[in-house]
Structure formats: C-alpha cells, structure tokens
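Scroll down for the structure; my scribbles are underneath it.
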Amino acid sequence: MRDPAVPHILLLATGVLLLGVAAWGFNFVHQYVGARVIGNVVLKLREDVFDATIAHDLSFYDEHPSGKIVSRVTSDTQDFSDVVSLTVNLFSQILLVAIMSLWLFSIDWRLTLLLYGMSPVAVIIALSFRRIARRVTQNARRVTAKINAQIQESVSGIMIAKSFRQEQAIYTTFDANNRQGFHVGIRRGIVLNSIFPIISIASGVSMGALVYLGGLATLDGHVSPGNWYLFMQAVGFFWWPMLNIASFWSQFQDGLSASERVFALIDAEPKVVQTASEPVERLHGEIAFRHVRLTYTDKEIVLPDFSLTIRPKETVALVGHTGAGKSSIARLIARFYEFQGGEILVDGRDIRRLDLRAYRQHIGIVPQEPFLFSGTVAENIRYGKPDATDDDVREAAMHIGGGDWLADLPDGLDTDVGERGANLSMGQRQLAALARVLLKDPAIFILDEATASVDPFTETQIQEGLETIMADRTAIVIAHRLSTVKHADRIIVMREGEIIEEGTHDSLMAQGGHYAELYNTYFRHQSLAYIENARDLLERAVQ
Amino acid sequence: MGFILDGLETEDYDRSYSDRDLLKRIVGYFRPYTRQVLLAAAMIALNSLAGTGGPVIISRAGHRPARA
Chain A
1 MRDPAVPHIL
11 LLATGVLLLG
21 VAAWGFNFVH
31 QYVGARVIGN
41 VVLKLREDVF
51 DATIAHDLSF
61 YDEHPSGKIV
71 SRVTSDTQDF
81 SDVVSLTVNL
91 FSQILLVAIM
101 SLWLFSIDWR
111 LTLLLYGMSP
121 VAVIIALSFR
131 RIARRVTQNA
141 RRVTAKINAQ
151 IQESVSGIMI
161 AKSFRQEQAI
171 YTTFDANNRQ
181 GFHVGIRRGI
191 VLNSIFPIIS
201 IASGVSMGAL
211 VYLGGLATLD
221 GHVSPGNWYL
231 FMQAVGFFWW
241 PMLNIASFWS
251 QFQDGLSASE
261 RVFALIDAEP
271 KVVQTASEPV
281 ERLHGEIAFR
291 HVRLTYTDKE
301 IVLPDFSLTI
311 RPKETVALVG
321 HTGAGKSSIA
331 RLIARFYEFQ
341 GGEILVDGRD
351 IRRLDLRAYR
361 QHIGIVPQEP
371 FLFSGTVAEN
381 IRYGKPDATD
391 DDVREAAMHI
401 GGGDWLADLP
411 DGLDTDVGER
421 GANLSMGQRQ
431 LAALARVLLK
441 DPAIFILDEA
451 TASVDPFTET
461 QIQEGLETIM
471 ADRTAIVIAH
481 RLSTVKHADR
491 IIVMREGEII
501 EEGTHDSLMA
511 QGGHYAELYN
521 TYFRHQSLAY
531 IENARDLLER
541 AVQ
Chain B
544 MGFILDGLET
554 EDYDRSYSDR
564 DLLKRIVGYF
574 RPYTRQVLLA
584 AAMIALNSLA
594 GTGGPVIISR
604 AGHRPARA
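See the structure below:
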C-alpha cells in the first residue's frame with residue numbers, strides 16, 4: 001500500500017523546485033535591470049566629472065598631474081559602481097533578515113527578542129571600523145592615481161628617457177611606486193577582510209549564549225524542546241545576512257572613498273571666474289592692460305603692475321629673457337589664468353564680464369610646440385571651426401606658405417598625424433597649426449614662437465603663413481625669430497614683469513639699451529648681414 | 544612604515560564629505576531611474592522570499608506529526 005506521506009513529499013519537492021526556479025527568474029531580472037541602471041549612472045557621473053575637468057583653467061593643470069586626474073575620471077568612477085552593487089546587496093540582506101525575523105518570531109518570540117538583544121554588538125563592531133576603513137581605501141586610491149600618473153609621464157617622455165638612457169631610472173621609480181601600491185593594498189585587504197572574522201566571533205558568542213539561555217528556558221518549561229531545536233536551526237539563516245549587513249558599512253567605505261574623490265574633482269572651484277556672461281560679437285581687437293597684477297603663488301609675482309594698450313590690428317612682439325612675463329601676458333589675454341589686480345579690457349569691455357566661450361571664439365593661439373590631436377591633417381585644421389567645409393579647409397591650408405607643404409605629406413590633407421602629431425615634423429606641425437588658426441579667422445592672434453629650428457624652406461613657409469595671418473588682425477607674438485621682431489609694428493621689451501623699452505627695431509637699436517643687448521644675444525646670428533660677415537671671415541681664414 | 548604613505552597626500556582641491564552628503568548625492572544620480580530601481584528592488588524582495596521559502600517549507604514539513 002502506498003504511503004500517504006509520499007504525495008506530500010512530492011508536493012513539497014515540487015514546491016521547493018518551483019521556488020528555486022522562481023528565485024532564479026527574479027534574480028535574473030534584478031541583475032539585468034540593475035546592470036543597466038548602474039551602467040547609466042556611471043555614464044552620467046563620468047560625463048559630469050569630465051565636463052568639470054575640462055572646464056578648469058590652465059593653472060589647475062599646471063598644479064595637478066594629468067595622470068592623477070585621469071585616474072579619478074576612469075578608475076574612481078568605475079569603483080563608484082561598487083557602491084551601488086553593495087547597496088543593492090544590502091537591500092536584499094535586510095529583506096532576508098526581516099523575513100527570518102518573522103519566521104523566528106513565529107517559532108518563539110522570547111528567544112527572538114533575546115537574539116535581537118545581542119545583534120547590536122555586531123553593528124557596533126562594524127561601525128567602529130568605519131574611520132580606518134575609509135582611510136586605508138583612500139590611500140589605496142591615491143597610490144593607484146600616483147602609479148597612473150608616473151606611467152603616463154614615463155610613456156609621454158619615453159623618447160627623452162631613451163635618448164638619455166634613463167630607462168632603468170624610470171623603471172626604478174615605477175618599481176618603487178608599484179611596491180608602495182602593494183603594501184598599501186595589503187593594508188587595505190587586511191583591514192577590510194578582518195571585519196568579517198571579528199563579527200563572526202561576536203555571532204559565535206551570541207549563538208553560545210542562545211544555546212545556554214535557550215536551554216535554561218527549556219528546562220524551566222518556558223520553551224518546548226522542539227521549538228528550541230527549530231529556533232537554533234533557523235538562527236543560522238538569520239545571522240548570515242546580519243553579518244553581511246554589519247560588515248557592509250565598512251566595505252562600503254571603499255566605494256564612498258571613490259565617490260568622495262570624484263565629487264571633489266567636480267566641486268573643485270575654478271580660479272578663473274567670470275563675473276558676467278556678456279555676448280561677444282565680432283571684436284576689433286583692442287586690448288588694454290591697466291595696472292594688472294599677476295601672481296602664481298604668494299611668493300611668485302609675475303606682473304607687479306603691468307600696463308599696455310594694443311591697438312586693433314597692431315602686431316606687437318614681446319621680447320625679453322626667460323621669466324620676463326611674456327607668456328603670462330599671452331595667457332591672460334586668452335583668460336587662461338586669473339589676475340589678482342587691475343583690469344584687462346578688450347574693445348573697452350572688462351574681460352571678466354565676457355562670455356568666455358564666445359570670447360575665445362575670437363582668439364587664435366599657436367603655442368611653442370603645436371599640439372595636434374589624433375586624426376588627419378584636415379581634421380586638425382578643422383578643429384577650431386567644425387562646420388567648415390572641405391573647400392574651406394583646403395583654402396586655409398593653401399594660404400599657408402602657398403600650400404607647398406601639403407605635397408610633402410604622404411596623403412596630403414588626409415595624412416594621419418599620429419598621437420600628438422608624432423607622424424609630422426615640427427615644421428609641418430607648425431604649418432598645420434597656422435592653417436587651423438587661419439581657418440578660425442580670429443580677431444586676436446597669439447603666437448608663442450617655437451625656439452626649435454626648422455629647415456630654411458619650411459622656415460620661409462612659416463614666415464609667409466605668419467604674415468598672412470597677422471595681416472588683418474591684432475597679433476601678440478612672443479618672438480624668437482629676428483624676422484618676426486623686425487616686422488612687428490611695435491616691440492615691447494620686458495624684464496621682471498615690467499616694460500623697460502618699446503619701439504620699432506631701428507629705434508630700439510639706436511637707443512643701445514636692453515633690446516640691443518638681446519639682439520646681440522639672440523637675434524644677430526639670424527641676420528643675413530651676420531651670416532655673410534661670418535662667411536667672409538671663414539673664407540679669409542681658409543686663404 | 545613611513546615609505547608606505549610617501550607621496551599620498553591629498554590634492555589641494557580634495558575635501559571631506561559626510562557619508563550622508565555622499566549618499567544624498569549618489570541617490571540623486573538614481574532619481575531618473577526610480578522605476579527601474581523599484582523594479583529591481585521588487586525582484587530582490589521576491590528573490591529573497593523565494594530563497595527563504597525552501598528552508599521554511601522544509602522546516603514546517605519536518606515538524607508534521609509522525610505517522611502513527
């Protein structure tokens with residue numbers, strides 16, 4: 001005869017199976033939806049932090065290594081997603097504790113209350129780890145950022161390292177940082193992983209107490225032996241999620257450390273702050289410095305009291321020894337740095353009140369070492385005016401040195417420039433940068449002339465390009481070439497942040513002052529007369 | 544031990560946030576996805592119920608009166 005309990009057992013087995021399948025289904029949906037939400041949140045966070053990063057002024061990038069900034073934008077935002085995963089896990093653990101609590105209450109409310117009385121111990125232990133957990137996780141992130149910064153710098157400067165045979169030196173530095181990362185990571189692991197065993201000890205003590213007190217209650221008849229046994233079986237299901245919750249807060253600190261670093265970068269206050277956002281139409285190009293004071297630090301006063309007026313479409317050459325303040329003036333015009341006193345007026349308007357993006361639309365800059373982005377020559381020329389047509393790009397390129405430089409490129413305008421323009425020569429990069437500015441057609445042109453020499457033919461092309469660009473706009477040139485200086489409408493001679501002489505080349509040479517000294521030091525060897533004189537001397541010596 | 548923390552100073556723009564402020568800000572990023580979050584939460588709850596249901600059922604079945 002069939003045992004009547006068999007159908008019940010079958011029903012039980014079916015119920016457990018269905019519950020298992022259902023749990024799988026619910027978990028799948030939870031994981032799928034959760035992954036999409038977390039992905040979208042990390043995406044938005046990265047957008048916010050990158051947006052904030054590129055909005056910072058140049059002084060921010062001078063003071064902070066780019067590798068550390070990159071680490072926050074990439075690694076820390078990714079680790080932020082761990083915060084979310086932990087939070088989701090916490091929620092499920094809390095639910096489990098709630099469900100287990102109901103079950104335990106249904107078995108025996110007295111023992112359940114006793115269990116609750118011991119639970120806070122685990123929570124207190126976990127909370128006490130909070131501060132140290134935050135500290136060790138912060139240090140782990142900082143060392144990761146430090147390693148990233150050093151790697152980035154080493155790779156960027158690998159040519160210099162190889163030319164000076166310093167590969168071992170940069171490896172030694174990397175090794176030291178890597179080992180530091182190892183030790184910091186070990187400390188982090190020890191702290192975070194010691195939380196669980198310590199809380200487990202507390203739960204073990206609690207279980208022992210329950211066995212003892214529960215046993216006494218059973219002997220006294222307050223609790224039936226069956227219920228006591230059932231309770232002890234069930235309490236294990238209660239403690240596991242409870243341990244997870246208790247240890248959660250300290251592990252959560254790792255994710256909060258990442259969040260803290262990301263939000264700090266987003267919230268970092270820029271030093272260049274506009275007081276208004278006035279629209280900027282076409283500029284005439286008049287620039288006036290009035291008693292401008294500029295300091296980079298409390299001790300480094302670059303411009304103590306600088307005043308200068310540049311007329312529209314005037315070409316002004318700034319000359320002086322290194323550290324005279326020439327580059328700082330160019331950067332102030334572009335609003336890359338904040339000045340601490342005086343005012344700068346553009347077409348009579350306070351530069352601080354202008355809409356910065358609109359204002360910079362009218363500024364064209366070619367730095368000492370022109371920077372090209374990965375892509376083609378055409379894409380780089382189009383960089384300042386994305387809506388330019390192919391014909392516009394070609395026309396700009398042709399106006400620079402007659403366009404002859406394009407014939408030297410393997411694919412003309414479609415030539416891939418490589419990372420930072422590595423596939424082009426210095427001269428070709430300069431020509432591409434000049435074409436980029438010409439296409440943009442700015443009212444104000446700022447040139448920090450390259451000190452590196454190029455071949456005479458390229459030099460001629462560059463000069464022609466400069467003349468084309470400077471013909472119809474205000475130009476501020478930090479000059480290193482004699483030809484540039486000679487063609488300037490006015491030469492401003494600077495020393496220690498002050499104007500000591502100004503005039504044309506001939507008038508300043510006639511004065512015989514600082515400019516004449518600079519000429520003999522820097523420029524004379526570039527002059528045709530000097531070259532011809534040197535050639536005569538050489539010929540006489542040979543004879 | 545000093546070497547371990549060499550060069551790990553904070554940046555000048557770093558600042559300390561309270562856990563509450565951080566959580567408030569993090570929650571803000573999830574606000575546009577409230578419905579999906581609630582759906583995920585519901586799935587977690589149902590998963591927890593289904594997961595704990597098995598031991599509860601087995602435990603209850605194990606305490607049925609024995610066959611006479």
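Protein sequence lines correspond, in order, to chains A and B.
Count the first sequence with our numbering and you get residues 1 to 543, in order.
Count the second sequence with our numbering and you get residues 544 to 611, in order.
All C-beta atoms in this analysis are idealised placements derived from N, C-alpha and C, irrespective of residue type, glycine included.
Residue(s) in a DSSP beta bridge with residue i
i: D350/A; result: L345/A
i: A22/A; result: None; A22/A has no bridge partner.
i: I444/A; result: I363/A, T474/A
i: I492/A; result: L318/A, E502/A
i: E278/A; result: L354/A
i: L303/A; result: L294/A
i: T553/B; result: DSSP output for T553/B lists no bridge partner at all.
i: D416/A; result: T376/A
i: T309/A; result: A288/A
C-beta atoms of residue i and residue j nearer than 8 Å
i: Y556/B; j: A268/A; result: yes
i: T468/A; j: I400/A; result: yes
i: T484/A; j: L508/A; result: no
i: L308/A; j: I492/A; result: yes
i: H514/A; j: I500/A; result: yes
i: V83/A; j: S203/A; result: no
i: G221/A; j: M232/A; result: no
i: V417/A; j: V377/A; result: yes
i: A330/A; j: I94/A; result: no
i: I587/B; j: S92/A; result: yes
i: T474/A; j: I287/A; result: yes
i: E554/B; j: H56/A; result: no
i: G384/A; j: R420/A; result: no
Close beta carbons around residue i, own chain, < 7 Å, minus the five adjacent residues each side
i: D404/A; result: Q461
i: S247/A; result: A126, I195, F196, I199
i: Q463/A; result: S483
i: R293/A; result: L303, P304, D305, F339, Q340, G341, G342
i: M544/B; result: Annotation note: pLDDT 44 at M544/B (below 50); position unreliable, coordinate value reported separately. Hits under 7 Å: none found.
Same chain, Cβ closer than 6 Å to residue i, five either side skipped, listed in chain order
i: V184/A; result: N139, A140, V143
i: P367/A; result: D448
i: L96/A; result: P241
CB contact check: residue i to chain B, cutoff 8 Å
i: S156/A; result: no
i: S259/A; result: yes
i: F336/A; result: no
i: R142/A; result: yes
i: M100/A; result: yes
i: A149/A; result: no
i: V235/A; result: no
i: F263/A; result: yes
i: H64/A; result: yes
i: D51/A; result: no
i: L19/A; result: yes
i: N178/A; result: no
i: K146/A; result: yes
i: R282/A; result: no
i: R394/A; result: no
i: G189/A; result: no
i: K44/A; result: yes
Extent of the continuous beta strand (DSSP E) to which residue i belongs
i: A475/A; result: 474-478
i: H291/A; result: 287-295
Chain A contact for residue i (CB, 8 Å cutoff)
i: S591/B; result: yes
i: R610/B; result: Confidence at R610/B is low in this model, with a pLDDT of 44, below 50, so the placement of that residue should be treated as unreliable; the coordinate-derived value is given next. R610/B counts as touching chain A.
Proximal residues to residue i (C-beta, below 8 Å), its chain only, five neighbours per side dropped
i: N177/A; result: V143, K146, I147, Q150
Span of the alpha helix (DSSP H), counted from its first residue to its last, around residue i
i: D564/B; result: 562-573
i: F91/A; result: 77-107
i: K615/A; result: This structure does not reach residue 615/A, given that chain A is present from 1 up to 543, and the question cannot be answered.
i: S483/A; result: 482-487
i: P65/A; result: P65/A -> no alpha helix (DSSP H), and no H or E assigned at all.
i: V184/A; result: 167-219
i: I329/A; result: 326-333
i: R394/A; result: 390-399
i: L409/A; result: No alpha helix (DSSP H) contains L409/A, which DSSP labels as neither H nor E.
i: H222/A; result: Premise fails: H222/A is in no alpha helix (DSSP H) and is neither H nor E.
i: H56/A; result: Per DSSP, H56/A belongs to no alpha helix (DSSP H) and is neither H nor E.
Using a Cβ cut-off of 7 Å, which residues of the stretch 557-580 of chain B contact any Cβ in chain E, in chain order?
Absence of chain E from the displayed structure is noted, the protein chains being A and B.
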